[in-house]
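Q: 5 is the number of the first residue of the sequence shown in my numbering; add one for each residue after it.
From the three backbone atoms N, C-alpha and C, an ideal C-beta is built for every residue, glycine too.
Keep in mind that this is a model prediction, so the values were computed, not measured.
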Amino acid sequence: MLAHLAALKRRLTTTSPPFPAGEGVIGSMAMAKGQFFLILISFTSLVYPSQSRLSYNYYSKSCPNFDKIIQETVTNKQITSPSTAAGTVRLFFHDCLVNGCDASILVSSTPFNSAERDADINLSLPGDAFDLVTRAKTALELSCPNTVSCADILATATRDLVTMVGGPYYNVLLGRKDYRISKSSYVEGNLPRPTMPMSKIISMFAAKGFSVQEMVALSGAHTIGFSHCKEFKSYLYNDTHYNQRFAKALQNACADYPKNPTLSVFNDIMTPNKFDNVYFDNLGKGLGLLESDHGLYNDPMTNPFVKIYAKDENRFFHDFARAMEKLSVYGIKTGRRGEIRHRCDAIN
């Protein structure tokens, strides 16, 4: 017994390295390094949600009629309210650019919280876009309860509407969760305003990881939709970049503003309901509506892309589709960072 204890003591106090023979210090360092990277990967996956959690067929088993329900809802709404497409694209942009595509723009304010949709810049977001998401959510809840996020509904409906009015089809990854926070105070500084200098808009998009070219391509969404007179009327009398006849027509169209604050004008007066590249061609003719539209054409960093897209619709469609794919996964919430809302306008 004493001999056995002595042998055990020698084994415990030996100066031999605590790793198998032949592995040596390098092997030990490799193991430690591997453990470090495992820890690092685990940490970064918490900070930056992995897109591997998303997939194109995310609902193939849990909600097999997802695409069909979205498509039917989109078609019916667009037929009855033709402004839905432009409104939904704008709603999607305003959601994604403020802390990511997480459906936080859909949440209604409460007596205890002012939500994003009540920020000044969001007050003009069209009701038809909100209604579309509500209709789709209601239909999906009947088909597959507590399964589809409002964020995925908005992202997919936006793509389907762009395609429906003549724009490019692009892929939409699915599996987003809905954010549990929506505050109007988060909005300012994250959304471009029509009166912003182009240099500031470029910087705003760059801070979110978007290049100048991607920003210009995304601006092409102005090919559909309209803007209220209040967004350009003051600029109308102080700028020489407008085509003179166009400026006069706009002054007449907005003559009753602000008596009638709902007065609006199409962003693209040539083909207002068709998603095409005519918007970019208009800019070179002085037919841009907003101050930021003229900025796109006049700024040396953005002008080359405007001219390319004005001449080549296929190039614009390609770049717009890629930029939308990138935007649609910006700042997404997955796993426990979000939830599947029971109603899109209220956090669970």
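Should Ala221 go down as buried or exposed, given a rule of 16 or more other Cβ atoms within 10 Å for buried?
A: Here residue 221 corresponds to residue number 217 of the sequence shown, with the count starting at 1. Classification of Ala221: buried, given that the 10 Å Cβ count is 16 or more.
Q: Taking buried to mean at least 16 other C-beta atoms within 10 Å of its own C-beta, is Ile109 buried or exposed?
A: Within the sequence shown, the letter at position 105 stands for residue 109. It counts as buried.
Q: Roughly how many angstroms lie between the CA atoms of Pro265 and Glu295, to the nearest whole one?
A: By one-based count along the sequence shown, residue 265 stands at place 261. By one-based count along the sequence shown, residue 295 stands at place 291. Whole-angstrom Cα-Cα distance: 19 Å.
Q: Shortest alpha-carbon distance to Arg326 belongs to which of Arg345, Arg163 and Leu101?
A: Position 322 of the sequence shown, counted from the first residue, corresponds to residue 326. Among Arg345, Arg163 and Leu101, the Cα nearest to that of Arg326 is on Arg163.
Q: Between which two residues does the beta strand (DSSP E) carrying Val269 extend?
A: One-based indexing of the sequence shown puts residue 269 at position 265. Run containing Val269: Ser268 to Phe270, per the beta strand (DSSP E) assignment.
Q: Exposed or buried, which one is Phe214 when buried takes at least 16 other CB atoms within 10 Å?
A: Your numbering for residue 214 matches position 210 in the sequence shown. By the neighbour-count rule (16 or more Cβ atoms within 10 Å), Phe214 is buried.
Q: Run the CB neighbour count on Arg249, radius 10 Å, all protein chains shown included, and call it buried at 16 or more, exposed below.
A: Sequence index remark: in the sequence shown, residue 249 carries index 245 (1-based). Label assigned to Arg249: exposed.
Q: Taking only three categories from DSSP, how would you classify Glu295?
A: By 1-based counting over the sequence shown, the position of residue 295 is 291. The answer is helix: DSSP assigns Glu295 an H, G or I state.
Q: Please state if the CB of Leu331 and the CB of Cys100 are separated by a distance shorter than 7 Å.
A: Here residue 100 corresponds to residue number 96 of the sequence shown, with the count starting at 1. Here residue 331 corresponds to residue number 327 of the sequence shown, with the count starting at 1. Contact: yes.
Q: What three-state label does DSSP hand His322 in the structure shown?
A: The residue given as residue 322 occupies position 318 in the sequence shown. Helix at His322.
Q: Within the segment 60–148, note down every full alpha helix (DSSP H) run reaching 4 residues or more, in order along the chain.
A: Qualifying alpha helix (DSSP H) stretches, in chain order: 70–84, 88–100 and 131–147.
Q: Leaving aside the five residues before and after Leu129 along the sequence, list all residues of the same chain whose C-beta is less than 8 Å from its C-beta, in chain order.
A: Against the sequence shown, residue 129 aligns to sequence position 125. Excluding residues within five positions, the ones whose Cβ falls inside 8 Å are Gly91, Arg94, Leu95, His98, Ile109 and Arg121.
Q: What are the residues that DSSP puts in a beta bridge with Asp182?
A: Counted from its first residue, the sequence shown places residue 182 at position 178. Glu343, per the DSSP bridge assignment.
Q: I'd like the list of long-range same chain contacts for Asp182, defined as Cβ closer than 7 Å, with 5 residues on each side in sequence excluded.
A: As a first step, residue 182 is located in the sequence shown; it is residue number 178 there, counting from the start. These residues qualify, in order along the chain: Asp106, Ala107, Ser153, Cys154, Ala155, Gly342, Glu343, Ile344 and Arg345.
Q: Based on DSSP bridge pairs, tell me the residues matched to Lys353.
A: Missing from the structure shown is residue 353; the chain here goes from 5 to 352 and no further.
Q: Classify Gly193: buried if its beta carbon has 16 or more other beta carbons within 10 angstroms, exposed otherwise.
A: Residue mapping note: residue 193 aligns to position 189 of the sequence shown, counting from 1. So Gly193 counts as exposed.
Q: Could you give the DSSP three-state label for His232: helix, strand or coil?
A: By one-based count along the sequence shown, residue 232 stands at place 228. The answer is strand: DSSP assigns His232 an E or B state.
Q: Who are the Cβ neighbours of Pro276 in its own chain at under 6 Å, not counting the five residues just before and after it?
A: Here residue 276 is taken as the residue at index 272 of the sequence shown, counted from 1. Around Pro276: Phe270.
Q: What are the start and end residues of the alpha helix (DSSP H) that includes Phe279?
A: Translated into the one-based positions of the sequence shown, residue 279 becomes position 275. Per DSSP, Phe279 belongs to no alpha helix (DSSP H) and is neither H nor E.
Q: CB Ile73 to CB Leu146, shorter than 7 Å?
A: Looking up residue 73 in the sequence shown gives position 69. Looking up residue 146 in the sequence shown gives position 142. Going by C-beta atoms, Ile73 is not nearer than 7 Å to Leu146.
Q: Quick check: Phe279 and Thr244, are their CB atoms within less than 7 Å of each other?
A: To locate residue 279, count along the sequence shown from 1; it is residue 275. To locate residue 244, count along the sequence shown from 1; it is residue 240. No.
Q: Give a yes or no on whether the C-beta atoms belonging to Tyr246 and Gly290 are separated by under 7 Å.
A: As a position in the sequence shown, residue 246 is number 242, starting the count at 1. As a position in the sequence shown, residue 290 is number 286, starting the count at 1. Result yes, Cβ atoms of Tyr246 and Gly290 sit closer than 7 Å.
Q: Tell me the rounded alpha-carbon separation between Gly292 and Tyr301.
A: Translated into positions along the sequence shown, residue 292 becomes position 288. Translated into positions along the sequence shown, residue 301 becomes position 297. Each residue's Cα considered, the two are about 9 Å apart.
Q: Around the Cβ of Phe230, are there at least 16 other Cβ atoms within 10 angstroms (buried) or fewer (exposed)?
A: By one-based count along the sequence shown, residue 230 stands at place 226. By the 10 Å Cβ count, Phe230 comes out buried.
Q: Say whether the segment 124–140 touches the segment 65–72, bearing in mind that this needs 3 or more beta-carbon pairs closer than 8 Å, one atom from each stretch.
A: The answer is no - the segment 65–72 does not touch the segment 124–140, with fewer than three Cβ pairs under 8 Å.
Q: Would you mind stating whether Asp285 and Ala314 have Cβ atoms separated by less than 7 Å?
A: Residue 285 sits at position 281 when you count from the first residue of the sequence shown. Residue 314 sits at position 310 when you count from the first residue of the sequence shown. Cβ atoms of Asp285 and Ala314: closer than 7 Å.
Q: Got a sec, what are the start and stop residues for the alpha helix (DSSP H) Gly222 sits in?
A: Working through the sequence shown from its first residue, we reach residue 222 at position 218. The sequence shown places Leu at residue 222, rather than the Gly named in the question. Segment Val216 to Ser223, the alpha helix (DSSP H) holding Leu222.
Q: How long is the line joining the alpha carbons of Phe262 and Lys234, rounded to whole angstroms?
A: Position 258 of the sequence shown holds residue 262. Position 230 of the sequence shown holds residue 234. According to the sequence displayed, residue 262 carries Pro and not Phe. Taking the straight line from one Cα to the other gives about 8 Å.
Q: Restricting to Cα atoms, I'd like to know which of Lys337, Ser87 and Glu317 is closest to Gly224.
A: For the purposes of this step, residue 224 is taken as the residue at position 220 of the sequence shown. Answer by Cα proximity: Glu317.
Q: Just confirm the distance between the C-beta atoms of Gln217 and Asp303, as a whole number of angstroms; I'd bet it's less than 8 Å.
A: Here residue 217 is taken as the residue at index 213 of the sequence shown, counted from 1. Here residue 303 is taken as the residue at index 299 of the sequence shown, counted from 1. Wrong, their Cβ atoms sit about 13 Å apart, outside the cutoff.
Q: Give the secondary structure of Ala350 by DSSP, where H, G and I count as helix, E and B as strand, and everything else as coil.
A: Along the sequence shown, read from residue 1 onward, the residue named residue 350 stands at position 346. Looking at Ala350 - three-state DSSP - the assignment turns out to be strand.
Q: Looking at the unbroken alpha helix (DSSP H) that takes in Asp316, where does it start and where does it end?
A: Walking along the sequence shown from the start, residue 316 turns up at place 312. Run containing Asp316: none; DSSP gives neither H nor E here.
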